[in-house]
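Quick note, the sequences are listed as chains A and B, same order.
Position in the first sequence counted from 1, then plus 5, gives you my numbering.
Position in the second sequence counted from 1, then plus 5, gives you my numbering.
Even glycine gets a Cβ: it sits at the ideal position worked out from N, Cα and C.
As structure tokens, the structure follows; a few thoughts come after it.
2 protein chains.
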Amino acid sequence: MARILECVPNFSEGRDKEKVEQIVEEVRKVKGVTLLDYSSDETHNRSVVTFVGEPEAVIEAAFNAAKKASEVIDMTTHQGGHPRMGAMDVCPLIPIKEVTMEEAIELSKKLGKRIGDELGISVYLYEKSASKPERENLAVVRKGQYEGMEEKLKSEGWEPDFGPIELNKKSGVSAVGARMPLVAFNVNLSTDNVEIAKAIAKKIRAKGGGFAYCKAMGLLLEDKNLAQVSMNLVDYTHTSVYHAFEFIKREALRYGVNVVNSEVIGLVPMDALLDAAKWYLQIDEFDHSQVLETRLHD
Amino acid sequence: MARILECVPNFSEGRDKEKVEQIVEEVRKVKGVTLLDYSSDETHNRSVVTFVGEPEAVIEAAFNAAKKASEVIDMTTHQGGHPRMGAMDVCPLIPIKEVTMEEAIELSKKLGKRIGDELGISVYLYEKSASKPERENLAVVRKGQYEGMEEKLKSEGWEPDFGPIELNKKSGVSAVGARMPLVAFNVNLSTDNVEIAKAIAKKIRAKGGGFAYCKAMGLLLEDKNLAQVSMNLVDYTHTSVYHAFEFIKREALRYGVNVVNSEVIGLVPMDALLDAAKWYLQIDEFDHSQVLETRLHD
Numbered sequence: 006m007a008r009i010l011e012c013v014p015n016f017s018e019g020r021d022k023e024k025v026e027q028i029v030e031e032v033r034k035v036k037g038v039t040l041l042d043y044s045s046d047e048t049h050n051r052s053v054v055t056f057v058g059e060p061e062a063v064i065e066a067a068f069n070a071a072k073k074a075s076e077v078i079d080m081t082t083h084q085g086g087h088p089r090m091g092a093m094d095v096c097p098l099i100p101i102k103e104v105t106m107e108e109a110i111e112l113s114k115k116l117g118k119r120i121g122d123e124l125g126i127s128v129y130l131y132e133k134s135a136s137k138p139e140r141e142n143l144a145v146v147r148k149g150q151y152e153g154m155e156e157k158l159k160s161e162g163w164e165p166d167f168g169p170i171e172l173n174k175k176s177g178v179s180a181v182g183a184r185m186p187l188v189a190f191n192v193n194l195s196t197d198n199v200e201i202a203k204a205i206a207k208k209i210r211a212k213g214g215g216f217a218y219c220k221a222m223g224l225l226l227e228d229k230n231l232a233q234v235s236m237n238l239v240d241y242t243h244t245s246v247y248h249a250f251e252f253i254k255r256e257a258l259r260y261g262v263n264v265v266n267s268e269v270i271g272l273v274p275m276d277a278l279l280d281a282a283k284w285y286l287q288i289d290e291f292d293h294s295q296v297l298e299t300r301l302h303d
Numbered sequence: 006m007a008r009i010l011e012c013v014p015n016f017s018e019g020r021d022k023e024k025v026e027q028i029v030e031e032v033r034k035v036k037g038v039t040l041l042d043y044s045s046d047e048t049h050n051r052s053v054v055t056f057v058g059e060p061e062a063v064i065e066a067a068f069n070a071a072k073k074a075s076e077v078i079d080m081t082t083h084q085g086g087h088p089r090m091g092a093m094d095v096c097p098l099i100p101i102k103e104v105t106m107e108e109a110i111e112l113s114k115k116l117g118k119r120i121g122d123e124l125g126i127s128v129y130l131y132e133k134s135a136s137k138p139e140r141e142n143l144a145v146v147r148k149g150q151y152e153g154m155e156e157k158l159k160s161e162g163w164e165p166d167f168g169p170i171e172l173n174k175k176s177g178v179s180a181v182g183a184r185m186p187l188v189a190f191n192v193n194l195s196t197d198n199v200e201i202a203k204a205i206a207k208k209i210r211a212k213g214g215g216f217a218y219c220k221a222m223g224l225l226l227e228d229k230n231l232a233q234v235s236m237n238l239v240d241y242t243h244t245s246v247y248h249a250f251e252f253i254k255r256e257a258l259r260y261g262v263n264v265v266n267s268e269v270i271g272l273v274p275m276d277a278l279l280d281a282a283k284w285y286l287q288i289d290e291f292d293h294s295q296v297l298e299t300r301l302h303d
């Protein structure tokens with residue numbers, strides 16, 4: 006498998022397992038797609054599905070899942086703790102291997118157009134696919150939630166990128182867009198003083214003048230009694246795991262504190278860790294095709 | 006592809022491209038096997054073929070290649086600069102993924118037995134598969150080369166592990182065995198004083214009291230005018246790339262010298278570099294199945 010696109014759609018159903026299974030089955034049955042994971046949250050009444058594969062196959066699976074969601078989910082009766090605006094609430098496309106961001110953006114537009122044209126659902130393009138800067142941030146796009154969409158779609162500057170200007174009452178609105186893979190990386194400090202973690206988090210994140218593609222917060226791990234700097238690196242090709250780590254290590258020393266250990270949560274692209282190995286080992290020239298495992302499926 | 010075995014047989018033919026192609030074709034046509042690379046050296050009159058795949062398929066491909074080599078190569082007329090004792094001179098089997106060393110040893114015995122029984126070629130098991138300690142080292146096994154094998158096979162303690170005690174004159178003798186993947190790792194120093202690289206090499210290698218699974222030598226890179234510590238890490242799971250690197254960095258400082266950069270030559274198992282990333286980033290708990298790419302083909 007040479008080219009890999011990842012897709013992580015969120016659906017507004019987390020209680021009726023049978024409906025969730027029907028949606029997931031649409032992903033499973035597309036050739037060239039591998040279902041990596043899916044999980045449902047009853048409180049949020051929401052499910053997240055993760056799959057990867059050849060780009061065209063991934064788009065096909067995403068569309069089929071959106072179609073099934075539009076059949077089995079009724080937004081007029083949906084309740085749950087998580088902000089939402091549609092049956093397939095949001096569908097990010099993430100380039101993993103031999104897919105450029107530009108290609109992922111094109112694919113997101115193709116998917117959005119199909120959802121608009123064939124399912125009659127209004128679609129906003131978001132993140133890297135956004136047609137205007139104010140549509141980049143999902144929270145802004147989704148503001149007003151399902152209940153506010155009828156009015157939002159008709160308000161100035163918020164016409165949908167695809168699909169009808171009239172709200173599809175049963176299915177709501179979907180956000181579709183391309184984004185970088187996210188690396189969830191936490192660093193634990195040799196202190197129970199959460200204020201130190203919070204101070205470091207403020208300094209490392211973009212908002213505080215730190216790294217441009219880093220979101221961070223400080224918290225206390227109650228079970229271990231350790232303060233933690235918890236991060237989302239939203240573009241590891243620009244803000245790397247090792248730069249974030251070294252910044253925290255140095256900043257912690259300022260308070261007389263050391264790094265105890267760190268953790269990567271969930272899936273991580275191989276390159277995010279290979280880049281760290283190359284940097285620490287000072288390997289100047291290295292082609293990732295030298296990694297034996299990458300040669301097996303070309 | 007869940008389980009991966011690598012095989013890197015060396016054949017005593019490096020001048021007649023057509024014969025080499027015939028041997029390589031035997032590897033190519035086995036289902037479940039991926040040919041990664043092959044190259045021929047005219048001076049050595051020798052070719053190296055690298056392939057990987059599902060263990061049973063790899064053994065099948067190795068046997069078929071050995072059979073073809075026994076047909077197209079005639080050792081009675083072979084000349085070349087590299088030590089050799091047979092048509093398929095040596096065939097290492099290397100566990101890469103979800104294959105234990107014990108399994109690789111069993112597979113090497115199965116392969117050796119087939120070569121002995123079906124092709125009538127004498128086989129010595131070497132490296133981890135060796136039936137006696139003195140057969141572990143290939144150089145010792147091959148001592149006397151093709152020309153000395155008729156006598157060696159009949160001498161005390163050197164009866165073959167498989168196949169006839171009488172030399173197969175056309176095909177010679179083959180060494181078959183399991184070994185760990187080898188990582189070729191070089192570190193360049195901020196000096197043109199090759200004596201410093203030689204002194205560090207002596208200290209880092211097993212022979213000098215250094216790391217148990219490290220072979221090393223010091224040399225001068227003429228084009229860059231930099232001294233280099235050139236290493237073979239013969240078991241990166243016990244002597245890691247990062248420990249070797251940190252040892253050299255520290256030892257170089259003793260001479261007032263820094264590390265300029267380093268290089269990995271050829272293919273490297275993903276884990277050798279992931280282990281480095283984990284160590285430097287102090288990631289305590291990490292399951293390699295968190296690497297997105299590893300999830301695609303299970």
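Closest by CA to residue i, which one among the options?
{"i": "Asn173(A)", "options": "Val181(A), Ile253(A), Gly162(A), Glu156(A)", "result": "Glu156(A)"}
{"i": "Thr48(B)", "options": "Gly86(B), Glu111(B), Val29(B)", "result": "Gly86(B)"}
{"i": "Met275(B)", "options": "Glu123(B), Pro186(B), Leu124(B), Glu111(B)", "result": "Pro186(B)"}
{"i": "Gln295(B)", "options": "Gly91(A), Val32(A), Glu268(A)", "result": "Glu268(A)"}
{"i": "Ser134(A)", "options": "Arg255(A), Gly261(A), Phe167(A), Leu41(A)", "result": "Phe167(A)"}
{"i": "Cys12(A)", "options": "Asn263(A), Ala281(A), Ala183(A)", "result": "Ala183(A)"}
{"i": "Leu124(B)", "options": "Glu161(B), Glu103(B), Ala74(B)", "result": "Ala74(B)"}
{"i": "Ser136(A)", "options": "Gly121(A), Gln150(A), Gly162(A)", "result": "Gly162(A)"}
{"i": "Met154(A)", "options": "Lys175(A), Asn142(A), Glu141(A)", "result": "Lys175(A)"}
{"i": "His131(B)", "options": "Ala7(B), Glu31(B), Phe190(B), Cys96(B)", "result": "In the sequence as presented, His is not what sits at residue 131(B); that position holds Tyr. Ranking the options by Cα distance to Tyr131(B), first place goes to Cys96(B)."}
{"i": "Val188(B)", "options": "Met90(B), Phe250(B), Pro138(B)", "result": "Phe250(B)"}
{"i": "Ala180(A)", "options": "Ile288(A), Ile209(A), Phe252(A), Gly117(A)", "result": "Gly117(A)"}
{"i": "Lys36(A)", "options": "Pro60(A), Ser44(A), Gly19(A), Lys22(A)", "result": "Pro60(A)"}
Please decide whether residue i counts as near chain A, where near means a Cβ-Cβ distance under 8 Å.
{"i": "Val262(B)", "result": "no"}
{"i": "Tyr43(B)", "result": "no"}
{"i": "Met6(B)", "result": "Because Met6(B) sits at a pLDDT of 48, beneath the cut-off of 50, its placement in the model cannot be relied upon, and the following sentence gives the value as read from the coordinates. True, the Cβ-Cβ gap to chain A drops below 8 Å."}
{"i": "Gly271(B)", "result": "yes"}
{"i": "Glu59(B)", "result": "no"}
{"i": "Asp314(B)", "result": "Nothing can be reported for residue 314(B), as the shown portion of chain B is limited to 6 through 303."}
{"i": "Ala217(B)", "result": "no"}
{"i": "Phe250(B)", "result": "yes"}
{"i": "Gln150(B)", "result": "no"}
{"i": "Ile9(B)", "result": "yes"}
I need the boundaries of the alpha helix (DSSP H) containing residue i, first residue and last residue.
{"i": "Arg33(B)", "result": "22-33"}
{"i": "Leu226(A)", "result": "No alpha helix (DSSP H) contains Leu226(A), which is instead part of the beta strand (DSSP E) from 219-226."}
{"i": "Ile209(A)", "result": "199-209"}
{"i": "Tyr43(B)", "result": "Per DSSP, Tyr43(B) belongs to no alpha helix (DSSP H); it is in the beta strand (DSSP E), 38-46."}
{"i": "Gly117(A)", "result": "106-124"}
{"i": "Glu251(B)", "result": "246-258"}
{"i": "Met161(B)", "result": "Note on identity: in this sequence residue 161(B) is Glu, with Met being the wrong assignment. Per DSSP, Glu161(B) belongs to no alpha helix (DSSP H) and is neither H nor E."}
{"i": "Leu143(A)", "result": "143-146"}
Just curious, the beta strand (DSSP E) that residue i is in, first and last residue?
{"i": "Pro97(B)", "result": "93-102"}
{"i": "Leu187(B)", "result": "Segment: none, Leu187(B) is in no beta strand (DSSP E) and carries neither H nor E."}
{"i": "Ala232(A)", "result": "231-238"}
{"i": "Ser127(B)", "result": "127-130"}
{"i": "Leu172(B)", "result": "Neither: Leu172(B) is in no beta strand (DSSP E) and is coded neither H nor E."}
Could one say the Cβ of residue i lies closer than 8 Å to chain B's Cβ atoms, at least one of them?
{"i": "Tyr285(A)", "result": "yes"}
{"i": "Ala221(A)", "result": "no"}
{"i": "Phe56(A)", "result": "no"}
{"i": "Arg300(A)", "result": "yes"}
{"i": "Pro100(A)", "result": "no"}
{"i": "Asn266(A)", "result": "yes"}
{"i": "Tyr247(A)", "result": "yes"}
{"i": "Met275(A)", "result": "yes"}
{"i": "Thr39(A)", "result": "yes"}
{"i": "Val234(A)", "result": "no"}
{"i": "His87(A)", "result": "no"}
{"i": "Leu194(A)", "result": "no"}
{"i": "Ala282(A)", "result": "yes"}
Exercise. Okay, do the region 145-160 of chain A and the region 194-206 of chain A touch, 3+ Cβ pairs below 8 Å being the bar?
Worked result: no
Exercise. Which runs of the alpha helix (DSSP H) fall wholly inside the region 50-80 of chain B and span at least 4 residues, in chain order?
Worked result: 60-77
Exercise. Which whole runs of the beta strand (DSSP E) in the region 266-298 of chain B are 3 residues long or more, in chain order?
Worked result: none
Exercise. Are there three or more Cβ pairs, one per stretch, closer than 8 Å when the region 15-28 of chain A is compared with the region 39-55 of chain A?
Worked result: yes
Exercise. On the three-pair Cβ rule with 8 Å, is the region 277-291 of chain A touching the region 233-245 of chain A?
Worked result: yes
For this session: Decide if the region 101-108 of chain A is in contact with the region 16-31 of chain A; the criterion is three or more beta carbon pairs, one per stretch, under 8 Å apart.
Result: Because the criterion of three Cβ pairs below 8 Å is not met, the region 101-108 of chain A and the region 16-31 of chain A do not touch.
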